[in-house]
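K.L.:
Before anything else, here's the structure in question.
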Amino acid sequence: MAQLCRHVAELAALNTKVVVVSFGSSPLGRAWLDETREPFTLWLDPERAAYRAYGLEHSLLRSWAPRVWWRYAQLMLTGRKWRGIQGDSGQLGGDFIVDRNGVIHLAYRSHDPTGRPPVSRVLDTLRRLNGASR
-2 MAQLCRHVAE
8 LAALNTKVVV
18 VSFGSSPLGR
28 AWLDETREPF
38 TLWLDPERAA
48 YRAYGLEHSL
58 LRSWAPRVWW
68 RYAQLMLTGR
78 KWRGIQGDSG
88 QLGGDFIVDR
98 NGVIHLAYRS
108 HDPTGRPPVS
118 RVLDTLRRLN
128 GASR
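End of the sequence shown = 131 in the numbering used here, gap-free, step of one.
Structure, rendered in structure tokens:
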């Protein structure tokens, strides 16, 4: 998400609205947006209906693998705060590009909490949808 935030101007030029969906509480979600300074919309889904609808997995084993701990340690070394475990730590996320008609053009289901598609893939998909070139 932080990498995508660096492309806010291009996202706006591509007429793209980024929505962060979280099953956390409003104060925690707001704190995350404030900390990361991401100008995105936050939707709360405490019942995880969207998670189920998009086929997002649950895995405690993958959520707490050494690779994940290593990534969290790297983030804390850059100044990110550890907020402790909030909610269901085994719920995995994903990234999706959905057009205004509800058609999914990119579906990336995270293998673990650190998994995200390359920003270049996200931007290339958006450019293609908008008929834009680099």
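No residue lacks a Cβ here, since even glycine has one placed at the ideal position from N, Cα and C.
Bear in mind that the values here come from a model prediction, so they are computed numbers and not experimental data.
Going along the chain, which residues of its own chain have a beta-carbon closer than 7 angstroms to the beta-carbon of L8, five neighbours each way excluded?
P.N.:
V15, listed in sequence order.
K.L.:
Assuming L89 and L39 make a contact with CB atoms under 8 angstroms, what is their CB distance in whole Å?
P.N.:
Not confirmed; about 19 angstroms, so no contact.
K.L.:
Between the Cα of T143 and those of P110, L58, H55 and C2, spot the shortest distance and give me the residue it belongs to.
P.N.:
As displayed, the chain neither begins before -2 nor continues past 131, which places residue 143 out of reach and without an answer.
K.L.:
So is V100 buried or exposed if we call it buried at 16+ other beta carbons inside 10 Å?
P.N.:
Classification of V100: exposed, given that the 10 Å Cβ count is below 16.
K.L.:
For a minimum of 3 consecutive residues, which ranges assigned as the beta strand (DSSP E) are wholly contained in the segment 60 to 108?
P.N.:
Runs of the beta strand (DSSP E) inside the segment 60 to 108: 91 to 95 and 101 to 106.
K.L.:
Is R59 near D92, with beta carbons less than 8 angstroms apart?
P.N.:
Result no, Cβ atoms of R59 and D92 do not sit closer than 8 angstroms.
K.L.:
Whole-angstrom Cβ separation of G87 and H55, contact assumed at under 8 angstroms?
P.N.:
The pair is a contact, with the Cβ atoms about 5 angstroms apart (cut-off 8 angstroms).
K.L.:
Taking 8 angstroms as the threshold (C-beta atoms), are A50 and V18 in contact?
P.N.:
No, the pair does not count as a contact, with Cβ atoms beyond the cut-off.
K.L.:
With H, G and I counted as helix, E and B as strand and the rest as coil, what does DSSP make of V16?
P.N.:
If DSSP states are grouped into helix, strand and coil, V16 belongs with the strands.
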